[in-house]
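S.K.: Can you keep this structure in mind? I'll have questions shortly.
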Amino acid sequence: MMVSGCGIRGGSDGSGAPTPAPGDRTTVTVLVAASAVAPVQQLATAFEASHPTVSVRISGGSSTTLVAQVAAGAPADLVVTAGDAALAGLPPAARARPTVVVATNILEIATPPTNPAAIAGLADLASPSVKVVACVSSAPCGSAADAALAKAGVTAHFVSRELDARATLAKVRLGEVDAAIVYRSDVVGSGGAVHGMPIASEHNVTLAYPLVRLSDSPEATAFAAALSGVDARSVWAAAGFGMP
Amino acid sequence: MTARSQRGRLPLVALATLGVALVGLPLVALLLRVDWPGLPARLASPLVWPAVRLSLVTTAVTTLLAVVLGTPLAWLLARSRSRWAGWVRAVVTVPLVLPPVVGGVALLMAYGRNGIVGMPVAHLFGLSVPFTPVAVVVAQTFVSLPFYVVAVEGAMRSVDGRYDQVAATLGAGPLRVFTRVAVPLAWPGIAAGAALAWARALGEFGATITFAGNFTGTTQTAPLAVYVALDSDPEVALALSVVLLVVCVAVLGLLRGRWLR
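The listed protein sequences correspond, in order, to chains A and B.
Every number in the numbering used here is 580 more than the matching position in the first sequence, counting from 1.
Every number in the numbering used here is 2 more than the matching position in the second sequence, counting from 1.
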């Protein structure tokens, strides 16, 4: 059993770190959109098991926050954002780095497990007797919900626009609303606390999760490959994500 | 004052200055950062007026509720020697220290659709409180009533109890003693308490977003609009923040000049 340091040691500067001494670990720092932290964490644990000299450090946050951290010079080897809109905030050098989509997410309608308002699809959300929530339009989950409703030509009976996906899902879990428009990964991540209803693909909105590799270190390159590799598919799928 | 006592006061003055700076600098920074010439255009954002109007209406109702419910409560607490008064006082002042978000969750548990009061009310009358302006008022009253009761109880206590006895001897019933003796004598305290309760209601965020939600025109109060705008249009958020700051300072300053000492 090797004892790792605090994980803030070098090896992540991308300048061809020297071969680690026995008992020493190289750290790969990954900034991950909050919605994708669970599967990335799971893949990191598996990666560390097969690469005993590498330690993966994961930091979660909203995509705009993560990008701002990179722009401010935070030491990160990989960045995974929800949607590519946030990538515009990266400095030019980072924008020129290799980028690959590692997963996709689609919207679902979340209802309480008993589905009290008998929601079957987006069209049912227009009824004035149905209480609907989604994220606020300025958040990615909110603008996606607006886009899906616009495609379906439905004016949903919103009672609130919540500040983030967590708060939106909480209103459903507490049974205060009849339906919420959230990402499928949120529904799967709730572990059965809410019931997920698919949205027809012609109305649905797909969110891509691009991975930007900021470092050329062999460890960062290897973990980036592990996140998008064949073995990762089942992990992403189990967390409710699709593959590009 | 002697030079010695002047020097002795220095550490106190230094600490006090630090305290003033900690609170004052962010407020000054807000005023410096705002684009003053562009302020009217920012305030014309469709986010601003519905939120300000909702805040003005709901905080007015909340303050009225605090006065109507809180004044008798403060009077009874001030005059009671029963140990129950201590328990009641403890319960009523809990929201002073409770994180507002926890207050919002508690309100959902009580008056939400599945709440212990909310569920029977929804079944019997088909009424639901969350996500309505009523919920905004309930959340604001929950957090601001304690401020009112604490302020007014203090004022009522400082009213000499012998006035009540004299009034009672002259044949005034308890209700008359309350309206004709206690309320007029405690008037400065009532005004101060109402101002505090109003200011707390105006700034309310956590309980409101949790219990009432966030919807333009219905439940999105000015603080919620500031938070939402911070994401989409930070300049609008700044402009609205300054309006809130100016309104608060103006109202508290006005009251301080008139009643608060």
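By construction, the Cβ of each residue, glycine as well, lies at the ideal position given by its N, Cα and C atoms.
Note that the structure is predicted; figures quoted are calculated from it, not measured.
Any idea if B:Gln222 is buried or exposed, counting beta-carbon neighbours within 10 angstroms, 16 or more meaning buried?
M.R.: In the second sequence, the residue the question calls residue 222 of chain B occupies position 220. Buried.
S.K.: Rounded to whole angstroms, what's the CA-CA distance from B:Thr61 to B:Pro225? Just pull it up for me.
M.R.: Locating residue 61 of chain B in the second sequence gives position 59, where the first residue counts as 1. Locating residue 225 of chain B in the second sequence gives position 223, where the first residue counts as 1. Straight-line Cα distance between these residues: approximately 12 Å.
S.K.: Need the endpoints of the alpha helix (DSSP H) that B:Ser57 sits in, please.
M.R.: Residue mapping note: residue 57 of chain B aligns to position 55 of the second sequence, counting from 1. Taken as a continuous stretch (DSSP letters only), the alpha helix (DSSP H) holding B:Ser57 covers 50 to 81.
S.K.: Report whether the distance from the Cβ of B:Leu17 to the nearest heavy atom of the ligand HEM is below 8 Å.
M.R.: As presented, the structure is devoid of all ligands, the ligand HEM included, so that no description of it is given.
S.K.: Are B:Leu41 and B:Ala241 closer than 9 Å when you measure CB to CB?
M.R.: For the purposes of this step, residue 41 of chain B is taken as residue 39 along the second sequence, with counting starting at 1. For the purposes of this step, residue 241 of chain B is taken as residue 239 along the second sequence, with counting starting at 1. Yes, the Cβ-Cβ distance between B:Leu41 and B:Ala241 is below 9 Å.
S.K.: How many angstroms separate the CA atom of A:Ala804 from the CA atom of A:Val681?
M.R.: Within the first sequence, residue 804 of chain A is the residue found at index 224, counting from 1. Within the first sequence, residue 681 of chain A is the residue found at index 101, counting from 1. Those two C-alpha atoms are separated by around 11 Å.
S.K.: Just to confirm before moving on: does the CB-CB distance between B:Ser146 and B:Thr65 stay below 9 Å?
M.R.: The sequence position of residue 146 of chain B within the second sequence is 144, counting from 1. The sequence position of residue 65 of chain B within the second sequence is 63, counting from 1. Their beta carbons are under 9 Å apart, which means B:Ser146 touches B:Thr65 by this criterion.
S.K.: B:Asn116: buried (16+ other C-beta within 10 angstroms of its C-beta) or exposed?
M.R.: On the second sequence, position 114 is the one that residue 116 of chain B refers to. Under this definition B:Asn116 is an exposed residue.
S.K.: Using a Cβ cut-off of 9 Å (strictly closer), state whether A:Ser765 contacts chain B.
M.R.: Residue mapping note: residue 765 of chain A aligns to position 185 of the first sequence, counting from 1. It does not: the Cβ of A:Ser765 has no partner Cβ on chain B nearer than 9 Å.
S.K.: I want to know whether the stretch 688 to 708 of chain A touches the stretch 754 to 761 of chain A - three or more CB-CB distances under 8 Å.
M.R.: With a cut-off of 8 Å, the stretch 754 to 761 of chain A and the stretch 688 to 708 of chain A count as touching, because enough Cβ pairs lie within range.
S.K.: Which residue marks the beginning of the alpha helix (DSSP H) containing B:Ile192, and which one marks its end?
M.R.: To locate residue 192 of chain B, count along the second sequence from 1; it is residue 190. First-last of the alpha helix (DSSP H) with B:Ile192: 189 to 205.
S.K.: Measure the alpha-carbon distance for B:Trp200 versus B:Pro102 and round it to whole angstroms.
M.R.: Here residue 200 of chain B refers to the residue found at position 198 of the second sequence. Here residue 102 of chain B refers to the residue found at position 100 of the second sequence. Computed Cα separation, rounded: 16 Å.
S.K.: Within 10 angstroms of its Cβ, does A:Ser781 collect 16 or more other Cβ (buried), or is it exposed?
M.R.: Stepping through the first sequence from its first residue, residue 781 of chain A is reached at position 201. Under this definition A:Ser781 is an exposed residue.
S.K.: Relative to the alpha-carbon of A:Pro632, which residue among A:Ala698, A:His775, A:Val608 has its alpha-carbon at the smallest distance?
M.R.: As a working mapping, residue 632 of chain A is identified with position 52 in the first sequence. It is A:Val608 whose Cα lies nearest to the Cα of A:Pro632.
S.K.: Work out the CA separation of B:Ser7 and B:Ala16 for me, nearest whole Å.
M.R.: For the purposes of this step, residue 16 of chain B is taken as residue 14 along the second sequence, with counting starting at 1. For the purposes of this step, residue 7 of chain B is taken as residue 5 along the second sequence, with counting starting at 1. Their backbone Cα atoms lie some 15 Å apart in a straight line.
S.K.: Can a CB atom of chain A be found closer than 9 Å to the CB of B:Pro225?
M.R.: Here residue 225 of chain B corresponds to residue number 223 of the second sequence, with the count starting at 1. Judged by the 9 Å Cβ criterion, B:Pro225 is not in contact with chain A.
S.K.: Could you pull out every residue in the same chain whose Cβ sits closer than 7 Å to the Cβ of A:Ser765, ignoring the five residues on either side in sequence?
M.R.: For the purposes of this step, residue 765 of chain A is taken as the residue at position 185 of the first sequence. Only Ser615, Asn685, Ala819, Gly820, Phe821 meet the Cβ criterion.
S.K.: Mind checking which residues open and close the alpha helix (DSSP H) that includes B:His125?
M.R.: For the purposes of this step, residue 125 of chain B is taken as residue 123 along the second sequence, with counting starting at 1. Element bounds for B:His125: 120 to 127.
S.K.: What residues from chain A crowd round B:Arg182, counting only those whose CB sits closer than 8 Å?
M.R.: As a first step, residue 182 of chain B is located in the second sequence; it is residue number 180 there, counting from the start. Chain A residues near B:Arg182: none, gap ~46 Å exceeds 8 Å.
S.K.: Need the endpoints of the alpha helix (DSSP H) that A:Arg746 sits in, please.
M.R.: The residue given as residue 746 of chain A occupies position 166 in the first sequence. Run containing A:Arg746: 745 to 753, per the alpha helix (DSSP H) assignment.
S.K.: If you compare alpha carbons, which of B:Ala153, B:Leu256, B:Ser82 is closest to B:Ala268?
M.R.: Residue 268 of chain B falls outside the range modelled here, since chain B spans only 3 to 263, and no answer is possible.
S.K.: Is there a C-beta anywhere in chain B that falls below 9 Å from the one on A:Leu743?
M.R.: Position 163 of the first sequence, counting from 1, holds the residue named residue 743 of chain A. True, the Cβ-Cβ gap to chain B drops below 9 Å.
S.K.: Roughly how many angstroms separate the alpha carbons of A:Arg589 and A:Gly669, rounded to a whole number?
M.R.: Counted from its first residue, the first sequence places residue 589 of chain A at position 9. Counted from its first residue, the first sequence places residue 669 of chain A at position 89. Because A:Arg589 sits at a pLDDT of 39, beneath the cut-off of 50, its placement in the model cannot be relied upon, and the following sentence gives the value as read from the coordinates. If you take the alpha carbons of A:Arg589 and A:Gly669, they lie about 27 Å apart.
S.K.: Over the uninterrupted beta strand (DSSP E) stretch that includes B:Ile211, give me the two end residues.
M.R.: Within the second sequence, the letter at position 209 stands for residue 211 of chain B. Per DSSP, B:Ile211 belongs to no beta strand (DSSP E); it is in the alpha helix (DSSP H), 208 to 213.
S.K.: Quick one: list the residues of chain B neighbouring A:Ala719, beta-carbon separation under 8 Å, in chain order.
M.R.: Taking the first residue of the first sequence as position 1, residue 719 of chain A is located at position 139. Here the neighbours are Asp233.
S.K.: Nearest-angstrom Cα distance between A:Pro798 and A:Ala806?
M.R.: In the first sequence, residue 798 of chain A corresponds to position 218, counting from 1. In the first sequence, residue 806 of chain A corresponds to position 226, counting from 1. Whole-angstrom Cα-Cα distance: 12 Å.
S.K.: Indicate the three-state DSSP secondary structure (helix, strand or coil) for A:Ser770 in the structure shown.
M.R.: Within the first sequence, the letter at position 190 stands for residue 770 of chain A. Residue state, collapsed to three classes: coil.
S.K.: Short of 6 Å in beta carbon distance, which residues of its chain neighbour A:Lys751, apart from the five on each side in sequence? Order them along the chain.
M.R.: Indexing the first sequence from 1 puts residue 751 of chain A at position 171. Closer than 6 Å at Cβ, skipping near neighbours: Val713, Val757.
S.K.: Roughly how many angstroms separate the alpha carbons of B:Trp51 and B:Asn216, rounded to a whole number?
M.R.: Taking the second sequence and counting its residues from 1, one reaches residue 51 of chain B at position 49. Taking the second sequence and counting its residues from 1, one reaches residue 216 of chain B at position 214. The alpha-carbon atoms of B:Trp51 and B:Asn216 are separated by roughly 15 Å.
S.K.: In chain A, what lies closer than 9 Å to B:Ile211 by C-beta?
M.R.: In the second sequence, counting from the first residue as 1, residue 211 of chain B sits at position 209. Within chain A, the residues near B:Ile211 are Ser740, Glu742, Leu743, Ala747.
S.K.: Taking the beta strand (DSSP E) that A:Thr609 falls in, what are its first and last residues?
M.R.: Locating residue 609 of chain A in the first sequence gives position 29, counting from the first residue. It spans 606 to 613 - the beta strand (DSSP E) in which A:Thr609 sits, taken as one unbroken run.
S.K.: Show which residues of chain C have a CB atom less than 7 Å away from the CB atom of B:Arg115.
M.R.: Although the question refers to chain C, the structure presented lacks it and instead comprises the protein chains A and B.
S.K.: Over what stretch of residues does the beta strand (DSSP E) that includes B:Pro148 continue unbroken?
M.R.: Position 146 of the second sequence, counted from the first residue, corresponds to residue 148 of chain B. Element bounds for B:Pro148: not the beta strand (DSSP E) but the alpha helix (DSSP H), 135 to 159.
S.K.: For A:Pro693, which option in A:Ala656, A:Ser770, A:Gly663, A:Gly640 has the closest C-alpha, if you only look at C-alpha atoms?
M.R.: The count along the first sequence starts at 1 and reaches residue 693 of chain A at position 113. Ranking A:Ala656, A:Ser770, A:Gly663, A:Gly640 by Cα distance to A:Pro693 puts A:Ser770 first.
S.K.: With B:Val25 and B:Val139 assumed to form a contact (beta carbons below 8 Å), what rounded beta-carbon distance in angstroms separates them?
M.R.: Mapped onto the second sequence, residue 25 of chain B falls at position 23. Mapped onto the second sequence, residue 139 of chain B falls at position 137. Between B:Val139 and B:Val25 the Cβ distance is about 29 Å, and since that is not below 8 Å, they are no contact.
S.K.: Specify the secondary structure class of B:Pro42 as computed by DSSP and reduced to three states.
M.R.: Working through the second sequence from its first residue, we reach residue 42 of chain B at position 40. Here B:Pro42 sits in helix by DSSP.
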